Amino acid sequence: MHPGIIFFLVILGSVLFHIFTPWYWTDVASNWGSMDDTITLTFWVGGGVFIAVCLFMVYCVFKFSYKEGRRAEYKPEDKKLEKILTWATTLGVAALLAPGLIVWNQYINVPKNAIHIDVMAWQWGWQYRLPGEDGKLGSTKIKNINDNNPFGIILEDPNGKDDILIQSDVIHLKNNRPVKILLRSVDVLHNWYVPQFRAKMDAVPGVVTYYWFEPNKAGEYEVLCAEYCGVGHYGMRGRVFVKNEEDYKNWLQEQETFSDLIAKQEEIEFSKTKLAKK
Amino acid sequence: MSEDNNDKIIIQSQSSESISGGGSGSTTDIDYVRPAEVGDQDLYHGHSFITKWVFCQDAKVIGVQYFLLATFTGIIGLILSWLMRLQLGFPELASFMTAEHYYQFVTMHGMIMVVYFLTALFLGGFGNFLIPLMVGARDMVFPYLNMVSFWMFFIAVVVLLASFFVPGGPTGSGWTLYPPQSILEGTPGSGMGILLMCLSLILFVAGFTMGGLNYLITVLQARTRGMTLMRMPLTVWGIFTATVLAMLAFPALLVGSLMMSLDKILGTSFFMPTILQAGEVLEYGGGSPILFQHLFWFFGHPEVYIVALPAFGIISDLISVHSRKNIFGYRMMVWAIVVIGGLSFFVWAHHMYVSGMNPWFGFFFATTTLIIAVPTAMKVYNWVLTLWRGNIRLNTVMLWCLGFIVTFVNGGITGIFLGNVTVDVPLSDTYFVIAHFHMVMGIAPLMVIMGAVYHWFPLVTGRMLSEKLGKWHFWFTFLGAYSIYFPMHYLGFIGVPRRYFEMYDSPYVTSAVGMNEFISTAAFIVGAAQFILIYNIIKSLKTGKPAGKNPWQANSLEWLTPSVPPEHGNWGDRLPVVHRWPYDYSVPGAKEDFITQTTPPSDVTNSEVEKT
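Chains A and B, in that order, give the protein sequences. Counting from 1, position 61 in the first sequence corresponds to residue 61 in my numbering; the numbering is continuous, with no gaps. Counting from 1, position 9 in the second sequence corresponds to residue 1009 in my numbering; the numbering is continuous, with no gaps.
This is the structure we're talking about:
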């Protein structure tokens, strides 16, 4: 068989695979449909170039395969053609870059009404902290972390007292309300990633990183750690529930605040000393 | 070993009068080539088996040594990838494999393939063999240093492989070795494993610097008369520029490895902030894990081009020779190589869009990354335009070239996805990335290596490889590799994260099980198909068709040595003199469809050659 035919079938197969693939992205469940749009755009432009270049190659292979005695064309350069190709490529690349930068600008500028969520990662698990009624998260310090203060909140910080602590890998989010994910890690790199939300960012020990999204489809989603974090990496999962306003409120009310935790511990401490006195 | 003058051949430097080609009568001004500025080079000739084949100073032998050792480590890398694919496709058959093993295999596979296989093979292997021959030198300018370079590489490989046998095994931190996890207990091989890895890299860089200086100075200083820079084959341009990149990029890896070793051994905190491990605060503080990533990728991205540029150069020459046509837009090709090389130092943080670095960097690095697509695209256009109106021999070498074009364009375009910061966010850390970089810097360069092996094997050994076996090898490898990595992109679209030992029953990926089985099966076949090449080489060494001189009717100097395979010193008693670029194929008016670089203009008076 002429090799050109096989190369042609490879290109054709790639196109057919793309059209009929059962493997494609999950339905987007956040505001980042615009990311899907940039992928689609890149797909059309890039896919077009791929098909064009490969088909041209296949054509050349058929048309100009070796014949004894025939001479190839002798033409070292074609300034005009090279110029056209350079500018066309530059234009195509700019057309892909511009939307990318616009969406990136949205990605790094968080809306004012976003709920802040402290996502704390460790080897290998997640826990979450939400601001209390003051809408502010208390500041934290890794060295403060202990059994009585699982988030390492600085006790002197008044903002921390009413923080809502969720010592579980399950978090609920309010539908159609932007959230700012504030990532921190106590040990190594991690990454809080829900494929349906599209967005991700590494958690880095020593700094707080962030990203935001607005969930817009109620349901249950799986959280995956997307940055290699040691041997338990693949088991570092969590769950997110996106709920409507009422369910979200009910869930929130069941959660414990930092003051609750302190009070509970004092109670335990108190009964312990009482027991000791007896 | 005695080293008196009798052991050396002293060759008189040639004056311009004694070399004009075509007999005394036809000497005219058009054949004038500037006289040599310095005398010919003295070489040390080995006499014993040890000095000829082991501690050898002949760049050609060193090239073959690099090639064989790199191939040996590459086969280890291949076997590791089989084990990984076994786990991913058929976990029930891989019950012997723990997550620790899996991550160790992932790490060693990545590091071996990128550094110890591809880099060593392109620069150490092809660089050593081809540079002196292609520029018309007798050897590298520092043959002794060149020998030491190879043996440093040998020690680096020994240290690397030794880490399989130390307590805790090799490091399992991923080939990027990101701290803090690489030196903490949650990662396999975080003790001796990571230290041996760092040590091996340091040795590799030191050895590589010796070789690299040789390549650079040989290209700059030891070209033969008439071999101007703009008459060099693109292979030499690619290897030369890649070596410049390596000289500037590898130091970043070296200091990164050194600083990480200090963090591990002495408890410094270059990359280590305050950290909790198992509830205890470790004695680190104030360091930055992201700093390591900057150092790593400041090396790591140029590293991509350290592999790609020699591949670009070699493929240009192969396409030109076997299309019987000059490479289209030679000057554009040279400048594209140089520009890509320069730009490659300003794009590194596109590996770090979601690393937690200042997000404003995203704008800068997305822009530089997409700019680099322009010269790269120009190269692709020029390759296919070289085929246009050529006289294409559809032999094994050409098949590898065509395979390269398909896989490189495919991988290059998925690079535009990942380079464009927003598009990268959903795709980073997924199988899309794996598919992308395997296609563009695994399979595409491998196609070039294979094409180069089939092309230059006759020069190295004096015998041809079997075309029939070569074609089987090609189709298995190309179709197999393409069916591994093309569908793999779609796993990335689903969102399947990379570096997962298993997926459990994640709701997104139940549909991916079948694909993983398919990919693994293809991987086993492609890996096994490489043994066709090994068989072909062994068989052809004994019974291959004798190649004779210049079997491909090529123009460049390496085919024009007095004996095939070339002997030590390459050129007998006279250095070649170059009169033209290496791409005068199918020149109108010329008798043959090729005019070698040493043919003086007076020999081809009727031809209409462009002045080069």
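We put the beta carbon where it would ideally sit given N, CA and C, even for glycine. Treat the numbers as computed from the prediction; the structure is a model and nothing was measured.
Pop quiz: residue i and residue j are said to be a contact at Cβ under 8 Å. What is the actual Cβ separation, rounded to whole angstroms?
i: Y193(A); j: A218(A); result: The pair is not a contact, with the Cβ atoms about 20 Å apart (cut-off 8 Å).
i: L1541(B); j: T1461(B); result: 6 Å
i: G1287(B); j: F1312(B); result: With 8 Å as the limit, G1287(B) and F1312(B) do not qualify as a contact, their Cβ atoms being about 38 Å apart.
i: N1214(B); j: T38(A); result: Actually they do not touch by this definition, with Cβ atoms about 45 Å apart.
i: S1149(B); j: M1210(B); result: 4 Å
i: L1184(B); j: M1197(B); result: Rounded, the Cβ-Cβ distance is 15 Å, inconsistent with contact.
i: L97(A); j: L1370(B); result: 5 Å
i: R1389(B); j: E73(A); result: 4 Å
i: M1352(B); j: W1297(B); result: 6 Å
i: A1246(B); j: L1123(B); result: 7 Å
i: Q255(A); j: I117(A); result: The Cβ separation is near 12 Å, so there is no contact.
i: V1440(B); j: G1415(B); result: 6 Å
i: G1495(B); j: T1430(B); result: 6 Å
i: I11(A); j: I51(A); result: 6 Å
Straight-line CA distance for residue i to residue j?
i: V1648(B); j: V28(A); result: Any property of residue 1648(B) remains undetermined from this structure, which presents chain B solely from 1001 to 1612.
i: G206(A); j: K143(A); result: 11 Å
i: S1190(B); j: W251(A); result: 42 Å
i: K1060(B); j: G1589(B); result: 36 Å
i: D1424(B); j: F1417(B); result: 6 Å
i: H1294(B); j: P1179(B); result: 12 Å
i: G232(A); j: P1445(B); result: 34 Å
i: K1471(B); j: A1377(B); result: 28 Å
i: I1075(B); j: E1502(B); result: 25 Å
i: M236(A); j: Q196(A); result: 17 Å
i: E214(A); j: F1478(B); result: 43 Å
i: T1243(B); j: A1249(B); result: 10 Å
i: V1604(B); j: V15(A); result: 49 Å
i: E246(A); j: Y1305(B); result: 55 Å
i: W1475(B); j: K1545(B); result: 22 Å
i: Q1065(B); j: M120(A); result: 51 Å
i: S1487(B); j: W23(A); result: At residue 1487(B) the sequence reads Pro, which differs from the Ser that was named. Rounded to whole angstroms, P1487(B) to W23(A) spans 9 Å at the Cα level.
If you measure from the beta carbon of residue i to each beta carbon in chain A, is any gap under 8 Å?
i: I1009(B); result: With a pLDDT of 39 at I1009(B), under the threshold of 50, the modelled position of that residue is not reliable, and the figure given next carries that caveat. It does not; no Cβ of chain A falls within 8 Å.
i: Y1381(B); result: yes
i: A1311(B); result: no
i: A1377(B); result: yes
i: Y1431(B); result: no
i: V1141(B); result: no
i: T1027(B); result: Only weak support is given to the placement of T1027(B): the predicted model assigns it a pLDDT of 48, under 50, and the value that follows is read from those uncertain coordinates. Closer than 8 Å: no.
i: D1593(B); result: yes
i: M1097(B); result: no
i: Q1277(B); result: yes
i: W1571(B); result: no
i: A1512(B); result: yes
i: T1596(B); result: no
Give me, in chain order, the residues of the same chain whose beta-carbon lies closer than 6 Å to that of residue i; leave out the 5 immediate sequence neighbours on both sides.
i: I1217(B); result: V1141
i: V110(A); result: K180 and W212
i: I1314(B); result: T1235, V1448 and A1452
i: G1023(B); result: No answer about G1023(B) holds up, because its pLDDT of 41 lies below 50 and its placement is not dependable.
i: I200(A); result: Residue identity check: residue 200(A) is Lys in the sequence provided, not Ile. Within the same chain, K200(A) has close Cβ partners N191, Y193 and A226.
What residues in its chain sit with their C-beta under 8 Å from that of residue i, if we drop five residues either side in the sequence?
i: I1484(B); result: H1438, I1519, A1522, A1523 and V1526
i: F139(A); result: Residue identity differs from the one stated: residue 139(A) is Ser in this sequence, not Phe. Excluding residues within five positions, the ones whose Cβ falls inside 8 Å are I153, I154, D157, N159 and G160.
i: Y1535(B); result: L1469
i: N1391(B); result: S1323, R1324, K1325, S1586 and D1593
Take residue i and list the residues in its own chain whose beta-carbon comes closer than 7 Å to its own, dropping the five residues that flank it on each side.
i: A1547(B); result: P1458, G1462, R1463, M1464 and V1564
i: V1157(B); result: L1069, T1073 and Y1116
i: P1601(B); result: I1030, D1031 and H1579
Does residue i pass the burial test, meaning 16 or more other C-beta atoms within 10 Å, or should it be called exposed?
i: N1128(B); result: buried
i: L1130(B); result: buried
i: S1613(B); result: In the structure as shown, chain B starts at 1001 and stops at 1612, and residue 1613(B) therefore has no counterpart that could be examined.
i: V188(A); result: buried
i: D1505(B); result: exposed
I'd like to know whether the C-beta of residue i is nearer than 8 Å to at least one C-beta of chain B.
i: I39(A); result: yes
i: R198(A); result: yes
i: E82(A); result: yes
i: T90(A); result: yes
i: V207(A); result: yes
i: H233(A); result: yes
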